[in-house]
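Quick note on numbering: UniProt numbering labels position 195 of the sequence shown as 195, and the sequence is numbered without any gaps.
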Amino acid sequence: MAGAASLMVQIFTSAAYFWRKWTIEIVVLFSFVLQLVLLLFAGIRRRRARGVRVFFVWLSYQLANSTAIYGLGHLSINGTLVSREHEQLVAFWAPLLLVHLGGPDNISAYAIQDNQLWLRLLVTTFFAKILAAGYAIFVTSSSGSGSSSLAMLPAASWLMFVVGVVKYGERIWALYNGHLSTIRSTIEKQKQEEAKREKKRGDSEQGGARDPPTPPAVRRVLAWIRWLVNAEDSRRWSGTIWQHNMLQFCTRDDSKDFWYDLAKKIHVEWRKKDNTYSGTTVIPDRVMKQVFSYLIDILRIDDKYKDDEAQKDKDEDATPTGQSGIPLDSTGLLKAERGRRILKKLAKKDGDNTVYDLFGRLLRDEIQQQIIIWHIATDIYLRTSDKAETTEYVEAINLISNYMMFLVVERPYMVPGLALRTIYSKTIEDIIQSRIGFSVQSLAEKLSVNNRKHNKVSLSALPLALLLVKRLNKYDGARLEFLFKVWVEMLHYVSHQCSRESHAKQLSSGGELTTVVWIMAEHARNFYI
């Protein structure tokens with residue numbers, strides 16, 4: 001027993017001696033490895049921000065600052081304890097760690113919350129670490145002679161110190177400029193400067209003839225075209241969207257829940273071989289073309305806004321327009337748009353209000369409740385309708401419906417309105433009571449013939465979803481095209497009603513389809529001539 005204790009003492013003594021002797025070398029090398037990892041892999045969070053790789057990037061980001069700060073602190077305290085042969089080399093390591101604190105150019109901040117800490121970094125870290133690095137260089141380089149081969153290192157150390165100060169200051173400046181309030185103020189200043197330039201240009205044109213300048217709208221369109229041409233080479237979005245299907249969730253194998261929850265906690269993508277109820281999928285180009293084609297129809301300037309009848313409709317909907325003639329509801333207000341636009345068109349086309357009578361009540365005031373109702377009804381209808389198998393809209397409807405449901409469940413802060421978690425939970429309980437084993441198809445068929453009536457006291461959205469299924473079956477028009485356009489309008493609504501902070505927050509995780517839709521619509525508004 002005494003021999004084992006003595007062996008343990010020797011091991012710990014040797015480990016402590018090894019750590020004291022090689023601490024700074026290990027810290028500098030580890031800090032360099034972390035910087036290399038961030039430089040090589042930080043870009044993946046813009047394209048495919050999930051899985052072990054992103055967890056590795058996140059861990060490296062968290063450790064990089066701590067390691068560099070620890071190294072600088074160790075040097076400033078223990079720099080004089082190293083051997084004379086290594087003093088000047090240690091003097092070079094201090095500014096090198098300061099450069100590491102500046103971080104690689106492709107990841108100044110991991111998340112938007114990091115931008116909010118720029119002032120804290122400036123006050124508590126920036127000046128302190130500059131002083132620590134300068135002190136370490138001064139003490140170690142002025143303590144005496146070292147190796148003649150290292151005679152030039154003091155000058156190199158001070159040069160590296162200047163580079164480190166600039167690099168660290170550049171990072172804090174980037175964090176400051178990435179803060180949302182700074183971005184807003186910058187945009188306002190740019191607008192004011194543009195207005196002043198336009199005024200001066202107008203005054204000069206009145207004062208004398210000169211070559212006509214390129215109209216601002218044309219310049220914006222040309223910039224937009226150049227961006228489109230280069231978009232493929234600089235693609236940032238992953239092209240994948242999350243999916244969540246309520247019927248598949250209610251027929252899941254409960255024994256897999258532990259592993260699913262564990263995978264979510266460590267940011268690892270979870271997939272089942274069959275019936276993935278929550279996971280990611282690549283959205284095909286043909287679906288994107290369908291979605292954006294209808295979005296363009298929503299955003300396009302239409303002649304109907306110019307005639308008297310359109311003016312009447314516009315007044316009734318309280319839909320103001322901007323100076324460019326684009327309806328402002330398409331770029332921000334949208335209070336009357338989440339399926340009602342297509343109802344208006346169909347009612348006008350049919351010459352009666354039948355479509356309003358069928359579906360108007362099911363376009364709810366709370367968008368999250370509406371998404372739950374339409375998601376369940378859409379899934380049941382597509383699984384039980386023969387027409388759903390041979391149309392181009394089925395894939396797009398499924399992808400958007402499941403994506404919107406995922407936002408309600410996992411990203412409620414990106415969906416406007418109240419987070420109706422109770423309605424979702426009660427609806428899940430209601431569906432589970434009707435399930436037959438683990439078959440999604442059997443559950444859908446059973447629900448499609450359910451004659452339950454809506455109870456105003458009940459919080460479950462299932463009765464209204466079943467009512468919607470019945471009304472879809474009664475509707476004689478192009479049902480799937482109608483469903484597709486309703487879902488695209490809901491996607492458009494959610495994209496613009498989501499806060500800018502929520503959009504920015506998701507950019508560090510690869511971005512969302514709603515963010516892409518929002519950016520596209522904003523550009524479309526700015527580039528109309």
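Where is the CB? At the ideal position from N, CA and C, for every residue including glycine.
Small disclaimer: the values here were computed from a predicted structure and weren't measured.
- Bounds of the beta strand (DSSP E) holding Q243 are T240 to H244.
- Between F438 and V517, the alpha-carbon positions lie close to 36 Å from each other.
- In this structure, the CA atom of K426 is about 50 Å from the CA atom of S31.
- Counting only runs of at least 4 residues, the region 437-489 fully encloses the following alpha helix (DSSP H) elements, listed from N- to C-terminal order: 440-448 and 462-474.
- With contacts defined as CB atoms closer than 8 Å, A132 and L72 qualify as a contacting pair.
- Here DSSP, grouped into helix, strand and coil, assigns G511 to coil.
- Looking only at N398, V409 and N451, the smallest Cα-Cα distance to L480 is reached by N398.
- The three-state secondary structure of G164, taken from DSSP, is helix.
- Shortest Cα-Cα distance from I172 to any of P416, Q35 and F126 involves F126.
- Under the 10 Å beta carbon count, K485 is surrounded by 16 or more other beta carbons and is classified as buried.
- In this structure, A94 keeps its C-beta atom at 8 Å or more from the C-beta atom of L121.
- Spatial neighbours of Y381 in its own chain (CB-CB distance under 6 Å, excluding positions within 5 residues in sequence) are listed in chain order as V469 and L472.
- With a cut-off of 8 Å on Cβ pairs, the region 280-296 is in contact with the region 241-254, counting three or more such pairs.
- For G279, the pairing in a beta bridge is given by DSSP as Q243.
- Between the alpha carbons of R421 and Q506 lies a gap of roughly 21 Å.
- If you draw a straight line from the Cα of T515 to the Cα of V291, it comes to about 14 Å.
- Per DSSP, T422 is one residue of the alpha helix (DSSP H) stretching across R421 to I432.
- For the 8 Å CB-CB criterion, I376 and G417 do not form a contact.
- Spanning the alpha carbons of F359 and V33 requires a straight line of approximately 59 Å.
- When the Cα atoms are used, A68 and Y424 turn out to be separated by approximately 46 Å.
- With respect to I400, A465 sits apart: the two C-beta atoms are not nearer than 8 Å.
- Nearest Cα to S60 within the set L467, L101 and H492: L101.
- A straight line joining the alpha-carbon of F406 with that of S499 spans about 18 Å.
- A direct Cα-to-Cα measurement between I371 and V162 gives close to 56 Å.
- Shown here, M152 sits in coil according to DSSP, grouped into three states, outside any helix or strand.
- Taking the Cβ atoms as the reference, S434 lies roughly 6 Å from L447, within the contact range of under 8 Å.
- DSSP assignment within the region 376-418 yields the following whole alpha helix (DSSP H) runs of 4 residues or more, N-terminal first: 393-410.
- Measuring C-alpha to C-alpha distances from Y475 to each of V409, V355, Y393 and E429 identifies V355 as the nearest.
- Buried is the label assigned to E512, since at least 16 other Cβ atoms lie within 10 Å of its Cβ.
- In terms of Cα proximity to S108, the closest of W58, L153, M246 and Y17 is W58.
- For the 8 Å CB-CB criterion, I431 and M246 form a contact.
- Y17 and E25 have their C-alpha atoms some 14 Å from each other.
- Less than 8 Å separates the beta-carbon of T251 from that of L443.
- For L117, the three-state secondary structure derived from DSSP is coil.
- T251 sits in coil when the DSSP states are folded into three classes, being neither helix nor strand.
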